[in-house]
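J.:
2 protein chains.
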Amino acid sequence: MPTKSLSTSERRIPAIVDAARDTFAVGGYAGTTVADVAKAAGISSAYVFKLFPTKQDLFVAALDRSFVEIVETLTRAADASSATKPDDVLDAMAAAYAGLIADRTLLLLQVHAQSSAGVTEVGAALRRGLEKVTTTASQKSKADDDAVQRFLAFGQLCHLVVTAGIGDVDADWARLIARGIRHPDTATP
Amino acid sequence: MPTKSLSTSERRIPAIVDAARDTFAVGGYAGTTVADVAKAAGISSAYVFKLFPTKQDLFVAALDRSFVEIVETLTRAADASSATKPDDVLDAMAAAYAGLIADRTLLLLQVHAQSSAGVTEVGAALRRGLEKVTTTASQKSKADDDAVQRFLAFGQLCHLVVTAGIGDVDADWARLIARGIRHPDTATP
DNA sequence: ACAGCGGGTGAGTGATCAATCACACATATC
DNA sequence: GATATGTGTGATTGATCACTCACCCGCTGT
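Chains W and B, in that order, give the protein sequences. Its first residue numbered 1, the first sequence is counted upward by one per residue in the UniProt record's numbering. Its first residue numbered 1, the second sequence is counted upward by one per residue in the UniProt record's numbering.
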């Protein structure tokens with residue numbers, strides 16, 4: 001009974017992109033099969049290929065969508081922030097980002113994209129996304145370039161913390177790296 | 001005439017690890033075949049499998065070796081630095097790191113490792129390497145934890161600049177990200 | 001009744017890959 | 001000379017994957 005209405009291909013496409021995002025986030029570009037994505041979307045891989053002619057197209061669509069979500073979240077955080085100082089607005093955006101990547105999916109996909117940036121279209125999509133993130137952070141916060149650069153650098157450090165599982169390591173070096181960086185812990189409520 | 005003496009397996013192993021490092025750096029873990037590595041090393045893949053029972057073992061060996069090189073370089077830079085202030089020693093180490101990754105190989109391998117950190121042994125090797133880098137940076141520079149963390153964060157940003165090819169983009173957002181970050185340009189001398 | 005069409009699939013195909021095996025060639029030891 | 005051991009390879013295997021093709025189903029218009 002969950003299928004309430006007819007599903008046109010226009011309706012299928014976002015569902016497939018969602019499935020692609022979640023699936024590629026786990027296995028990466030080379031490590032994920034189109035059949036995996038199809039299974040997650042609940043359709044046949046043949047139909048996925050009809051809507052996305054190549055695996056590359058599918059990955060790029062998932063990556064583009066992830067960046068849209070990220071930019072939207074950053075924008076909302078900046079608009080909602082009552083902070084007056086630019087650096088405080090950036091902090092609000094950082095907190096929102098930390099909340100957004102709590103489920104790791106968006107973060108992992110970015111790291112996989114970085115790893116596969118040698119594939120021409122993936123690299124281009126990555127740069128597109130980074131451009132939007134950078135300009136959004138810069139314009140919405142009105143912080144100076146150094147502060148925005150630092151914002152991005154610590155975002156990257158956050159990626160490292162999560163992908164390498166540093167947050168779960170009980171040692172001085174790990175605490176040094178992860179200090180002040182919010183990270184998931186799909187928590188017990 | 002280049003082969004001056006018999007090549008025992010002990011002599012072959014470092015050569016294979018070198019080839020693995022260079023080859024995995026290009027294609028990543030999932031995107032590189034053991035046959036690729038074997039070809040780069042100039043031997044058969046069957047023999048590679050005899051010395052490294054699995055592809056995972058080969059990748060981990062390459063990653064471990066990369067971190068050894070990095071830590072050695074950082075250590076040498078710190079020891080050679082005449083700087084007295086801890087932050088200046090860190091800067092010297094950062095400069096040495098920038099020089100080391102000029103050929104992108106070590107950097108790319110780290111990014112690929114981050115992307116494949118979900119593979120248990122790869123994640124463990126990555127954490128091993130990060131521990132050594134962190135403690136080396138901290139102890140050799142005697143800088144405080146915040147400065148070391150910033151050193152690492154900007155190292156990660158540097159990885160992003162190189163993998164995403166941001167250094168070659170002629171736009172404000174790209175210059176903002178890459179400002180002050182030395183990057184390759186396999187230069188014309 | 002039937003043609004046309006968008007949505008959807010099962011069953012392939014050719015290529016590729018991690019890993020294995022049987023075997024060759026040398027050197028050494030007894 | 002026989003036996004063993006280390007170095008090295010070509011051929012193969014069983015699985016997997018990106019991608020294709022022939023085909024089915026249900027709908028709409030005539």
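The beta-carbon is built from N, C-alpha and C at its ideal position, and this holds for glycine as well. It should be emphasised that the depicted structure is a prediction, and the values quoted were computed from it without experimental measurement.
Beta-carbon within less than 8 Å of residue 140/W's beta-carbon, same chain only, minus the 5 sequence neighbours each way: which residues are those?
T.: Within the same chain, residue 140/W has close Cβ partners 74, 75, 78, 79, 89, 93.
J.: What are the residues in the region 115-131 of chain W lying within 8 Å of chain B by C-beta distance?
T.: From the region 115-131 of chain W, only 115, 116, 117, 118, 123, 126, 127, 130, 131 have a Cβ closer than 8 Å to chain B.
J.: Measure from the C-beta of residue 8/B to each C-beta in chain W and report whether the shortest distance is under 7 Å.
T.: With 7 Å as the cut-off, residue 8/B does not count as an interface residue toward chain W.
J.: At 8 Å on the CB atoms, spell out the chain B contacts of residue 165/W, in chain order.
T.: The contacting residues are 117, 123, 127.
J.: In whole angstroms, what separates the C-alpha of residue 121/W from that of residue 95/B?
T.: So the alpha carbons of these two residues sit roughly 32 Å apart.
J.: Since residue 54/W meets chain B, which of its residues come closer than 7 Å, beta carbon to beta carbon?
T.: Result: empty, since nearest Cβ-Cβ is about 16 Å, beyond 7 Å.
J.: Find the nearest neighbour of residue 11/B within the set 39/B, 51/B, 130/B, 40/B, judged by alpha-carbon distance.
T.: When each option's Cα is compared against that of residue 11/B, the closest is 51/B.
J.: Alpha carbon to alpha carbon, what distance is there between residue 135/B and residue 173/W?
T.: Going from the Cα of residue 173/W to the Cα of residue 135/B covers about 6 Å.
J.: So, helix, strand or coil for residue 87/B, using DSSP?
T.: Reduced to three states, the DSSP call for residue 87/B is helix.
J.: Count the C-beta pairs between the region 43-63 of chain W and the region 99-107 of chain W that are closer than 8 Å, then say yes if the count reaches three, no if not.
T.: As far as the Cβ criterion goes, the region 43-63 of chain W does not touch the region 99-107 of chain W, which means the pair count is below three.
J.: I need the DSSP call for residue 55/B, collapsed to helix, strand or coil.
T.: Helix.
J.: Measuring only between beta-carbons, confirm whether residue 145/W sits less than 7 Å from chain B.
T.: Yes, residue 145/W counts as interfacial toward chain B.
J.: Answer yes if the region 20-40 of chain B comes into contact with the region 156-174 of chain W, meaning at least three C-beta pairs across the two stretches below 8 Å, and no otherwise.
T.: Counting Cβ pairs under 8 Å, fewer than three are found: no touch.
J.: What number of angstroms, rounded off, separates the C-alpha of residue 84/B from the C-alpha of residue 98/B?
T.: Between residue 84/B and residue 98/B, the C-alpha separation is close to 21 Å.
J.: Give, in chain order, every residue of the UniProt domain "HTH tetR-type" (10-70) of chain W whose Cβ lies closer than 7 Å to some Cβ of chain B.
T.: If the cut-off is 7 Å between Cβ atoms, the UniProt domain "HTH tetR-type" (10-70) of chain W has 28, 30, 31 near chain B.
J.: Check whether chain W comes within 7 Å of residue 156/B, counting only Cβ atoms and requiring the distance to be less than that.
T.: It does: the Cβ of residue 156/B has a partner Cβ on chain W nearer than 7 Å.
J.: Would you report the Cα separation of residue 69/W and residue 21/W, rounded to the nearest angstrom?
T.: About 12 Å.
J.: Would you please verify whether the beta carbon of residue 3/B is less than 7 Å from any beta carbon of chain W?
T.: For residue 3/B, the pLDDT reaches just 36, beneath the cut-off of 50, and the residue's location in the model is therefore unreliable, although a value from the coordinates is still provided. By this cut-off, residue 3/B is not an interface position.
J.: When the Cα of residue 40/W is compared with those of 49/W, 48/W, 27/W, 19/W, which residue comes out closest?
T.: Of 49/W, 48/W, 27/W, 19/W, the residue nearest in Cα terms is 19/W.
J.: Does the distance from the C-beta atom of residue 25/B to that of residue 130/B stay below 7 Å?
T.: Result no, Cβ atoms of residue 25/B and residue 130/B do not sit closer than 7 Å.
J.: So, using beta-carbon positions, are residue 113/W and residue 63/W closer together than 7 Å?
T.: Result yes, Cβ atoms of residue 113/W and residue 63/W sit closer than 7 Å.
J.: Answer with buried or exposed for residue 179/W, where buried requires no fewer than 16 other C-beta atoms within 10 angstroms of its C-beta.
T.: Residue 179/W should be labelled exposed.
J.: Mapping the DSSP letters down to three states, classify residue 28/B as helix, strand or coil.
T.: Coil at residue 28/B, not helix or strand.
J.: Relative to the C-alpha of residue 128/B, which residue among 67/W, 164/W, 72/W is closest?
T.: Looking at the Cα atoms, 164/W is the closest of the given residues.
J.: Indicate the three-state DSSP secondary structure (helix, strand or coil) for residue 95/W in the structure shown.
T.: Three-state result, residue 95/W: helix.
J.: Is residue 160/B close to chain W? Criterion is C-beta to C-beta, closer than 7 Å.
T.: Yes, its Cβ sits closer than 7 Å to a Cβ of chain W.
J.: What does a CB cutoff of less than 8 Å around residue 138/B pick up in its chain, not counting 5 residues either side in sequence?
T.: The answer, listed in chain order, is 145, 148.
J.: Roughly how many angstroms separate the alpha carbons of residue 157/W and residue 110/W, rounded to a whole number?
T.: The straight-line gap from Cα to Cα measures roughly 13 Å.
J.: So the alpha helix (DSSP H) residue 33/W belongs to, where does it begin and stop?
T.: Neither: residue 33/W is in no alpha helix (DSSP H) and is coded neither H nor E.
J.: Residue 147/B lies in the alpha helix (DSSP H); which residues open and close that run?
T.: It spans 145-163 - the alpha helix (DSSP H) in which residue 147/B sits, taken as one unbroken run.
J.: Give the DSSP-derived three-state secondary structure of residue 81/B in the structure shown.
T.: Of the three classes helix, strand and coil, the one that applies to residue 81/B here is coil, per DSSP.
J.: Hey, would you say residue 106/W sits closer than 7 Å to residue 44/W, going by beta carbons?
T.: Taking 7 Å as the Cβ cut-off, residue 106/W and residue 44/W do not qualify as a contacting pair.
J.: Is the beta carbon of residue 36/B less than 7 Å from the beta carbon of residue 23/B?
T.: Contact: yes.
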